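**Q** What follows is a structure written as structure tokens; I'll ask about it next.
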């Protein structure tokens, strides 16, 4: 996705460190195939600066790690 691409998700918390994002809307038509797809996210660490390290899995086919900032 591009920097300007936007998505809207439904969030379902499974536990304090695990949630599922379901795509509801996407801003670019080329990503419409994602609508209804689920991303399983696990928070695996909290850094000293308060950011989270996460592991994500999109429909058992795309995996990744990343860092997110709590707002």
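Numbering (our numbering), first residue to last: 4 to 74. Note that CB positions come from ideal geometry on N, CA and C, so glycine has one too. It should be emphasised that the depicted structure is a prediction, and the values quoted were computed from it without experimental measurement.
1. Restricting to Cα atoms, I'd like to know which of 30, 14, 46, 19 is closest to residue 6.
2. With a CB to CB cut of under 7 angstroms and the five nearest residues on each side skipped, what residues in its chain are close to residue 47?
3. Can you have a look at residue 27 and say buried or exposed, based on whether 16 or more other CB atoms are within 10 angstroms of its CB?
4. Taking just the CA atoms, how far does residue 45 sit from residue 22?
5. Relative to the C-alpha of residue 65, which residue among 54, 74, 40 is closest?
**A** Reading off the structure:
1. 30
2. 56, 57, 58
3. exposed
4. 7 angstroms
5. Selection 54, 74, 40 evaluated against residue 65 yields 40 as nearest (Cα-Cα).
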